[in-house]
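*Asks:* The structure is given below, and queries will be raised subsequently.
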Amino acid sequence: MKPEPAAKTSTVPKVCVIGWPIKHSRSPLIHSYWLDQFKISGSYERAEVRPEEFADFVGNLARNGFVGANVTLPHKEAAFALCDIKTDLAARLEAVNTLWIEAGKLCGDNSDVAGFLGALDQDAPGGDVGLERAVILGAGGAARAIIAGLLLRSVKEIMLVNRTEARAEELAARFGPAVKAHGLADLPDLLGRAGLLVNTTSLGMTGQPMLDIDLETLPAQAVVNDIVYVPLETGLLHRARSRGLRVVGGLGMLLHQAVPGFEHWFGQRPKVSSELRTLIEADVMAKS
Ligand code: ATR
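If you read the sequence shown in this note's numbering, its first letter stands for residue 10, the second for the next number, and so on.
Okay, structure coming up:
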């Protein structure tokens, strides 16, 4: 699709995060922090857009003064379909969460992969080095990005465990022989051989049922990563930490996925500092 040229009157670059619903998004807080830090006069706002209005909204991005956008649920696949140019990763995942406009073309990337890997590198450095086997719980969109990330890091076997095994099989088939599908009944045995466990389901999130799995069989050097960040420390992470395992919380993925977008739109590569993390943690604690 051909986005309209940018409105000539706008000098301050505007960006938004598009979702439905969107009021709980922390992305404006993250990007405003970096805009202040770099003293860039730009803005980042929320855009609550219904699925049936998404294509129009994106088609008019530039006309409405936006230089790009983040895209969140439920629009990531629709954003992919609308892009003129996609990064290889976005093409592989068929989902886009970062949009920008280059020479009048709508470009898209999937920075969830960079977000997942950035958090792993920051919170459990080296946790993926020489990793033979990882268990991923869940088979939705988040699992898709995490599989791609682990394959980039050459993990030899990815065991995809899902309540609905057929869904895990469908997802595994998109990635080839390194990814194998399992039902929940296999979990205790699989954990005994895993160096990394990642929860991509919503279980353990405030208001959702807890993720009730036994971590006793996980090897002592294993890393446990939960992409849920409300609460900041889920029951899964608490139990893993109590066992002395290294843990990676979900907030890191949210913070790190924001980095590539900021760099595209505003020309500076920001850092995920402890000050930024503390700011967002305070917001999560105040509103949950
Ligand atoms: P996303 O795209 O954000 O990853 P999703 O597509 O809704 O979210 O996927 C949610 C994942 O959580 C799914 O793997 C789902 O399992 P099913 O495919 O069997 O539905 C998993 N999930 C959600 N509630 C669950 C529960 N109570 N027990 C086990 N798995 C659950």
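We put the CB at the ideal spot given by N, CA and C, even for glycine.
Cα separation between L220 and R286?
*Replies:* 25 Å
*Asks:* By the DSSP assignment, the beta strand (DSSP E) with D235 in it spans what residues?
*Replies:* 232–235
*Asks:* Which residues in the same chain have their Cβ closer than 7 Å to the Cβ of R101, if we skip the five residues on either side of it in sequence?
*Replies:* A157
*Asks:* Within a Cβ cutoff of 6 Å, which residues of the same chain sit near Q217, ignoring the five residues on either side of it in sequence?
*Replies:* For Q217, where only same-chain residues beyond five positions count, the Cβ hits under 6 Å are S211.
*Asks:* Can you tell me whether DSSP reads E242 as helix, strand or coil?
*Replies:* Looking at E242 - three-state DSSP - the assignment turns out to be coil, as it is neither helix nor strand.
*Asks:* Below 8 Å, can you find three or more Cβ-Cβ pairs linking the stretch 119–126 to the stretch 263–274?
*Replies:* With the cut-off at 8 Å, the stretch 119–126 and the stretch 263–274 touch.
*Asks:* For F275, which beta-bridge partners are listed by DSSP?
*Replies:* Paired residue(s): none; F275 is not in a bridge.
*Asks:* Within its chain, find whatever has a CB closer than 6 Å to the CB of V256; leave out the 5 residues flanking it on each side and keep chain order.
*Replies:* Taking V256 as the centre and dropping the five residues before and after it, the same chain places the C-beta of V233, L246, A249, R250 closer than 6 Å to its C-beta, in chain order.
*Asks:* I need the DSSP call for T107, collapsed to helix, strand or coil.
*Replies:* strand
*Asks:* Just to be sure I understand the criterion: a residue counts if its Cβ is closer than 5 Å to at least one heavy atom of ligand 1. Which residues meet that?
*Replies:* G147, A148, G149, G150, A151, N171, R172, T173, R176, T210
*Asks:* Which partner residues does K296 have in the DSSP bridge list?
*Replies:* Per the DSSP secondary-structure output, K296 pairs with nothing in a beta bridge.
*Asks:* Of all the CB atoms in chain D, is at least one closer than 7 Å to the CB of E290?
*Replies:* This model lacks chain D altogether; it includes just one protein chain.
*Asks:* To the nearest angstrom, how far is the alpha carbon of L180 from that of E225?
*Replies:* Straight across, the Cα-Cα distance linking L180 with E225 is about 28 Å.
*Asks:* By the 10 Å Cβ neighbour count, where 16 or more other Cβ atoms means buried, how is A295 classified, buried or exposed?
*Replies:* Exposed, because fewer than 16 other Cβ atoms sit within 10 Å of the Cβ of A295.
*Asks:* Look at the alpha carbon of S34 and the alpha carbon of N79, and state the distance between them as a whole number of angstroms.
*Replies:* 11 Å
*Asks:* Sorted by chain position, which residues of the same chain lie with C-beta nearer than 7 Å to P22's C-beta, five sequence neighbours on each side aside?
*Replies:* G51, V76, W274, F275
*Asks:* Between P37 and F63, what straight-line distance do the alpha-carbon atoms span, to the nearest angstrom?
*Replies:* 19 Å
*Asks:* Can we count A157 as close to ligand 3, meaning its CB is less than 6 Å from some heavy atom?
*Replies:* Ligands displayed in this structure: ligand 1; ligand 3 is not among them.
*Asks:* For L227 and Y42, what's the separation of their Cα atoms in angstroms?
*Replies:* 38 Å
*Asks:* Compare the beta carbon distance of M214 and K189 with 7 Å and say whether it is the shorter of the two.
*Replies:* No, they are not a contact pair.
*Asks:* For G158, report the span of its alpha helix (DSSP H) as first-last.
*Replies:* Counting along the chain, G158 sits inside the alpha helix (DSSP H) bounded by residues 150–161.
*Asks:* Would you mind working out which of V207, Y53, A231 sits nearest T243, comparing C-alpha positions?
*Replies:* V207
*Asks:* Taking the alpha carbon of A71 as the point to measure from, which residue in T20, D137, E61 has its own alpha carbon closest?
*Replies:* T20
*Asks:* Taking its Cβ as the centre, do 16 or more other Cβ atoms sit within 10 Å of P279, making it buried, or is it exposed?
*Replies:* buried
*Asks:* Consult DSSP for A78 and reduce its assignment to one of helix, strand or coil.
*Replies:* Strand.
*Asks:* Let me check understanding here. Comparing Cα to Cα, which of K48, F184, K32, E61 lies closest to E54?
*Replies:* K32
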